[in-house]
Amino acid sequence: EHAVYGSQGKALSVYATNDEEKVMEFIKEMKLDPDQIVSVEELAPQSEDGTVVLTTVYKLFAQYLDLFGKPTREFLKKLFPYAQDIQEKVAIAEMTLDRKTEDFQDRQARAATFADYLTEFKSLKIPAGKYVELIPTIKQRVYSICSSSDYRPGKCQLLVVREDWQA
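In this note's numbering, the protein residues as written are -2 to 164.
Next comes the structure, spelled out in structure tokens:
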């Protein structure tokens, strides 16, 4: 247990991580080496120009990239060049067209994730360091502190709503 100091009206930032088992399942399906070291410039703090982050493929997907987040059509536009099979390349590219908006929205309604798209198209060949250009980073969640450290010293109360849903 750790003492937390914060006053009412302040905020607490929390960075989530992806489920370890799901990440390992994804890495295995994509035929990646979880221990491979990747150099990722995009993850370095913006204030430190020229800095590069070295991490493993596993940590990249577990701690940095929003692998199980909701993709956009822009993601598909960036994805199709990595398809080796021409039919898959065309299928991915077609999903970005206006006439396929309904199909894409149907996938969104069924909660398709970046991982779902990446594992669906078996001919994708994406170098480990390129995933950071395709998948956004996990965003921090900010929670308002609703308690006073004067009333409960060393404790911090948050109001959090948990959403659990399955598609």
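We treat Cβ as the ideally placed atom computed from N, Cα and C, and that holds for glycine.
Point to revise | Nonlocal neighbours in the same chain, by C-beta distance under 6 Å from Val129, ignoring five residues either side | key: Here residue 129 refers to the residue found at position 132 of the sequence shown. Result list for Val129: Val37 and Glu39, in chain order.
Check your understanding: So Val167 packs on Phe58, CB below 8 Å; how close in whole Å?
Key -> No information on residue 167 is available, as it lies outside the stretch -2 to 164 that the chain covers here.
Exercise for review: Tell me Ala80's beta-bridge partners as DSSP assigns them.
Suggested key: As a working note, residue 80 is residue 83 in the sequence shown. Paired residues: Leu121.
Check your understanding: Do you know whose CA, among Lys75, Ala125, Leu94 and Asp46, lies nearest Thr53's CA?
Key -> As a first step, residue 53 is located in the sequence shown; it is residue number 56 there, counting from the start. Taking only the C-alpha atoms, the option nearest Thr53 is Ala125.
Check your understanding: Hey, quick one: how far does the alpha helix (DSSP H) through Ala8 stretch, first residue to last?
Key -> To locate residue 8, count along the sequence shown from 1; it is residue 11. It is not in any alpha helix (DSSP H) - Ala8 instead sits in the beta strand (DSSP E) that spans Ala8 to Val11.
Check your understanding: Could one say the Cβ of Gly126 lies closer than 8 Å to chain D's Cβ atoms, at least one of them?
Key -> No chain D appears in this structure, which consists of one protein chain only.
Exercise for review: For Glu71, I'd like the list of residues in its chain whose CB is within less than 7 Å of its CB, leaving aside the five on either flank, ordered along the chain.
Suggested key: By 1-based counting over the sequence shown, the position of residue 71 is 74. There are no such residues.
Check your understanding: Which stretch, first to last residue, makes up the alpha helix (DSSP H) that contains Val35?
Key -> Numbered from 1 along the sequence shown, position 38 holds the residue referred to as residue 35. Val35 -> not in any alpha helix (DSSP H); beta strand (DSSP E) instead, spanning Ile34 to Val37.
Review point. What are the boundary residues of the beta strand (DSSP E) that includes Leu51?
Key: Within the sequence shown, numbered from 1, the residue matching residue 51 stands at position 54. Per DSSP, Leu51 belongs to the beta strand (DSSP E) from Val50 to Thr53.
Review point. Can you name the start and end residues of the beta strand (DSSP E) that Arg96 belongs to?
Key: Numbered from its first residue, the sequence shown carries residue 96 at position 99. It is not in any beta strand (DSSP E) - Arg96 carries neither H nor E in the DSSP assignment.
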